[in-house]
Structures are given as C-alpha cells and as structure tokens.
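*Asks:*
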Amino acid sequence: MAITLVDFPAQTIVGLPVDARFEQLSQFVPRAWRQLFAAVEGEVQFVEVSLPPREGQFREIVGFLADGSTPLPPGTVQLALPAGRFLTQTHVGPLEGIAGAFGELYAHAEANGLAANDLKLDFGYDPALSAAPHQLFLGISTPEMDAFLESLSSPVHNEIGAIFIPVSDIAAARDWYCALLGREPTGDILFGHLWVVPMRAGSGLVLDSKDFGGPHDGKPAFHFNSRDLPAAHAKCAALGVDALGPIVDGMFFTFKDPDGNLLMVADVPPSQHSL
261 MAITLVDFPA QTIVGLPVDA RFEQLSQFVP RAWRQLFAAV EGEVQFVEVS
311 LPPREGQFRE IVGFLADGST PLPPGTVQLA LPAGRFLTQT HVGPLEGIAG
361 AFGELYAHAE ANGLAANDLK LDFGYDPALS AAPHQLFLGI STPEMDAFLE
411 SLSSPVHNEI GAIFIPVSDI AAARDWYCAL LGREPTGDIL FGHLWVVPMR
461 AGSGLVLDSK DFGGPHDGKP AFHFNSRDLP AAHAKCAALG VDALGPIVDG
511 MFFTFKDPDG NLLMVADVPP SQHSL
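For the numbering used here, add 260 to where a residue sits in the sequence shown, where the first one is 1.
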C-alpha cells in the first residue's frame, strides 16, 4: 500500500485507557474494545491510540473521535490531540498484520530522513473486530508534538490516589464514616492509625489519626456524590451530623464529621478525565 505524509488536524479522542506490559496487551486491549462497544451508542469513528511507553508500561486508548457534545461513557478519558504530521497507509488483511504495517511506516520514515515518534493511530475497528481496512498513522516528530508527548510522560501522574482525612480516634471515625456511607466496618486498621474507606470508584479515602492537629474545616477538600440530594440530606439529619446546612441551588450541602472536618455531598456532572 502507498505511504504518504499528511497533516492531521487536532482531534478529541474519548476512550478507555489500557496500561499494560507487552505480553498483557493481547488480553487487555480486546477486553477494553468489547467494553467500549457495549457502552457507545450511535455512529462514531473508532480509533486505537498508542502512546509512548511510561515506566515500562505500554499505553493504549481504545476510543472514538468526539466533540464537545459527545457524552462520555463511564470510565473513559479524554485526549486532546494537537495537530501534527503523520505517515499513513491503509492496511488490508488480518488484525495480526497491523504491527507489521506499522513497522513498514517506521522503515519508511527512517529511509526518508523523518524522525518518527511513538504516537500511533489505528482507525477501522468495528464491534465484530473484523478484518476491515484500517487506516494507520505514525506520528512524525515536531516541536509541538514532542512537547505534547512529553507532557503525557511525567512520572507524577495527573491522578489522585487518595485523600487523607485527619481524625482523633481511628476506630470511632471508621464506624462513623461506615454508617454515613452504608458500609460495614471491615478491614484492618493499619499501623495503628490508618483506615482505608471502601469506595465504589474514584479516588481513595484514608482516615488518619496520627499526630492529629485539628480538622480540615475551611473548605471541603472533596465531595461525596449523590443522585438524590433530598434523601442524602435526610440520612445525614437522621445520623445527627454536626453543622448540617441546607441544600444549596439544588446542587450540594455541607456538614461536619465528629472531628469537625467540613464535608460536602453534591449532585454535579462528573469531572472530565484526561490523560
């Protein structure tokens, strides 16, 4: 197939991230595709994005081209891909031959004095994972694209692993938060002062009684989600929480835990996730 050099416009890609060792990709990537196909409705253009490896992990996004009006399926991230230059060719044949076709693009870049990077785009996937033609794109190094890829490679990730709440009595705080969230107080207290609250999704929540120096009471450090604020407010009232405020603008209310930490429950759209 003919290989050409093209200018590719800026695109927004929404999809499921897959970070895995090389030998795991053949298992994890098809699983992510099946999950995405089940979640996406309507006609979209599917694409698999390969990003530069980080910390020994290969990084893929199985996703689709999107715009600002596209609903984001649960668990997806958004990648704002800048405009750039790419080598491209069409692959016709089994999916197993795509890696070899990208090898041809790398070889073409080297033979023609072009510096290829590790950004690859693969258009052509469908819910049947058939052998339909795939349009492949290999990124060519430019200052703008190199800066973009470097921004995705920081060893400090744009992820919040856990939020710590200072408490004075770890066992009592564990029981109070479990009552609030409808959870059983299971799991060990770690090192005599830490307890990890079992959360459904998102960032972790850790109670910590070591060197308790007072609560976080200026502004809430986070909010709990709810899709029924009146019911959530009524539950907090039934628990007798301190400083329970009214529901504000139909969106949130605040209250305090027994140690005086200011907490919030909110019904707001989920935060946008991006790489």
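We treat Cβ as the ideally placed atom computed from N, Cα and C, and that holds for glycine.
According to the neighbour-count rule (16 or more other Cβ atoms, all chains shown, within 10 Å of its Cβ), is Ala369 buried or exposed?
*Replies:* The residue labelled residue 369 in the question sits at position 109 within the sequence shown. That one is buried.
*Asks:* Less than 8 Å separating the beta-carbons of Phe482 and Ile430?
*Replies:* Here residue 482 is taken as the residue at index 222 of the sequence shown, counted from 1. Here residue 430 is taken as the residue at index 170 of the sequence shown, counted from 1. Not a contact, by the Cβ cut-off of 8 Å.
*Asks:* Closest to Phe512 by CA distance: which of Gly500, Ser486, Pro342 and Leu450 is it?
*Replies:* Indexing the sequence shown from 1 puts residue 512 at position 252. Of the candidates Gly500, Ser486, Pro342 and Leu450, the one whose C-alpha sits nearest the C-alpha of Phe512 is Ser486.
*Asks:* By how many angstroms is the C-alpha of Phe408 removed from the C-alpha of Tyr437?
*Replies:* Numbered from 1 along the sequence shown, position 177 holds the residue referred to as residue 437. Numbered from 1 along the sequence shown, position 148 holds the residue referred to as residue 408. Distance between the alpha carbons of Tyr437 and Phe408: 41 Å.
*Asks:* Quick check on the DSSP output: what are the complete beta strand (DSSP E) runs of length 3 or more inside the segment 359 to 419, in order along the chain?
*Replies:* The qualifying runs are 376 to 383 and 394 to 400.
*Asks:* Give a yes or no on contact between the segment 372 to 386 and the segment 299 to 317, applying the rule of three or more CB pairs nearer than 8 Å.
*Replies:* Judged by Cβ distances under 8 Å, the segment 372 to 386 makes contact with the segment 299 to 317, as three or more pairs qualify.
*Asks:* So Ala292 and Val322 are supposed to be a Cβ contact under 8 Å. How far apart are they, rounded?
*Replies:* Start at 1 with the first residue of the sequence shown, and residue 292 comes out as number 32. Start at 1 with the first residue of the sequence shown, and residue 322 comes out as number 62. Yes, Ala292 and Val322 are in contact; Cβ-Cβ is about 5 Å, under 8 Å.
*Asks:* What is the DSSP secondary structure of Arg291, counted as helix, strand or coil?
*Replies:* Residue 291 sits at position 31 when you count from the first residue of the sequence shown. Arg291 falls in the helix class under three-state DSSP.
*Asks:* For the pair the segment 392 to 406 and the segment 438 to 445, tell me if three or more CB-CB distances fall below 8 Å.
*Replies:* Touching, no, given that fewer than three Cβ pairs across the two stretches are closer than 8 Å.
*Asks:* Would you mind working out which of Arg345, Leu504 and Gly510 sits nearest Leu522, comparing C-alpha positions?
*Replies:* Numbered from its first residue, the sequence shown carries residue 522 at position 262. Ranking Arg345, Leu504 and Gly510 by Cα distance to Leu522 puts Leu504 first.
*Asks:* Using 8 Å as the threshold, is the segment 453 to 468 in touch with the segment 411 to 425, meaning 3 or more CB pairs across them?
*Replies:* Taking 8 Å as the limit for Cβ pairs, the verdict is that the segment 411 to 425 does touch the segment 453 to 468.
*Asks:* Just to confirm before moving on: does the CB-CB distance between Leu467 and Ile425 stay below 8 Å?
*Replies:* The residue labelled residue 467 in the question sits at position 207 within the sequence shown. The residue labelled residue 425 in the question sits at position 165 within the sequence shown. Their beta carbons are under 8 Å apart, which means Leu467 touches Ile425 by this criterion.
*Asks:* Go to Asp468, then tell me how far its beta strand (DSSP E) extends in each direction, as first and last residue.
*Replies:* Counted from its first residue, the sequence shown places residue 468 at position 208. Gly464 to Asp468 is the extent of the beta strand (DSSP E) around Asp468.
*Asks:* Counting only the same chain and skipping the five closest in sequence on each side, list residues whose C-beta sits under 6 Å from that of Leu365.
*Replies:* As a working note, residue 365 is residue 105 in the sequence shown. The residues are Leu347 and Leu398.
*Asks:* Which one or two residues does DSSP pair with Phe424 in a beta bridge?
*Replies:* Locating residue 424 in the sequence shown gives position 164, counting from the first residue. In the DSSP output, where bridge partners are listed per residue, Phe424 has Val466.
*Asks:* With DSSP as the reference, please indicate the residues paired to Leu441 in a beta bridge.
*Replies:* By 1-based counting over the sequence shown, the position of residue 441 is 181. Per DSSP, none; premise fails for Leu441.
*Asks:* Since I believe Val274 is in contact with Val332 (beta carbons under 8 Å), could you give me their beta-carbon distance rounded to a whole number of angstroms?
*Replies:* To locate residue 332, count along the sequence shown from 1; it is residue 72. To locate residue 274, count along the sequence shown from 1; it is residue 14. Inspection of the sequence shows that residue 332 is occupied by Leu rather than by Val. Contact holds; Cβ gap of about 6 Å.
*Asks:* Please classify Ser411 as buried or exposed, where buried requires at least 16 neighbouring CB atoms within 10 angstroms.
*Replies:* In the sequence shown, the residue the question calls residue 411 occupies position 151. Exposed is the call here.
*Asks:* Please go through the same chain and pick out, in chain order, the residues whose beta-carbon is closer than 6 Å to the beta-carbon of Val304, but skip the five residues on each side of it.
*Replies:* Taking the first residue of the sequence shown as 1, we reach residue 304 at position 44. The answer, listed in chain order, is Phe324.
*Asks:* Buried or exposed for Ser414, going by 16 or more other Cβ atoms inside 10 Å?
*Replies:* Here residue 414 corresponds to residue number 154 of the sequence shown, with the count starting at 1. Exposed is the call here.
*Asks:* Are Gly520 and Pro480 closer than 8 Å when you measure CB to CB?
*Replies:* For the purposes of this step, residue 520 is identified with residue 260 of the sequence shown, where counting begins at 1. For the purposes of this step, residue 480 is identified with residue 220 of the sequence shown, where counting begins at 1. Cβ distance not < 8 Å, so Gly520 and Pro480 don't count as in contact.
*Asks:* Nearest CA to the CA of Phe484: which residue from Ala498, Phe515, Glu320 and Gly473?
*Replies:* Looking up residue 484 in the sequence shown gives position 224. Comparing Cα positions, the closest option is Phe515.
*Asks:* Checking 8 Å against the spacing of the C-beta atoms, do Arg345 and Phe318 come in under that value?
*Replies:* Working through the sequence shown from its first residue, we reach residue 345 at position 85. Working through the sequence shown from its first residue, we reach residue 318 at position 58. Not in contact: Arg345 and Phe318 (Cβ atoms no closer than 8 Å).
*Asks:* Return the CA-CA distance between Gly473 and Asp327, expressed in angstroms with no decimal places.
*Replies:* As a first step, residue 473 is located in the sequence shown; it is residue number 213 there, counting from the start. As a first step, residue 327 is located in the sequence shown; it is residue number 67 there, counting from the start. Gly473 and Asp327: Cα-Cα distance of roughly 47 Å.
*Asks:* Using only CA atoms, which one of Asp477, Leu450, Met459 and Gly478 lies nearest to Ser469?
*Replies:* Locating residue 469 in the sequence shown gives position 209, counting from the first residue. If we check each option's Cα against that of Ser469, Leu450 comes out closest.
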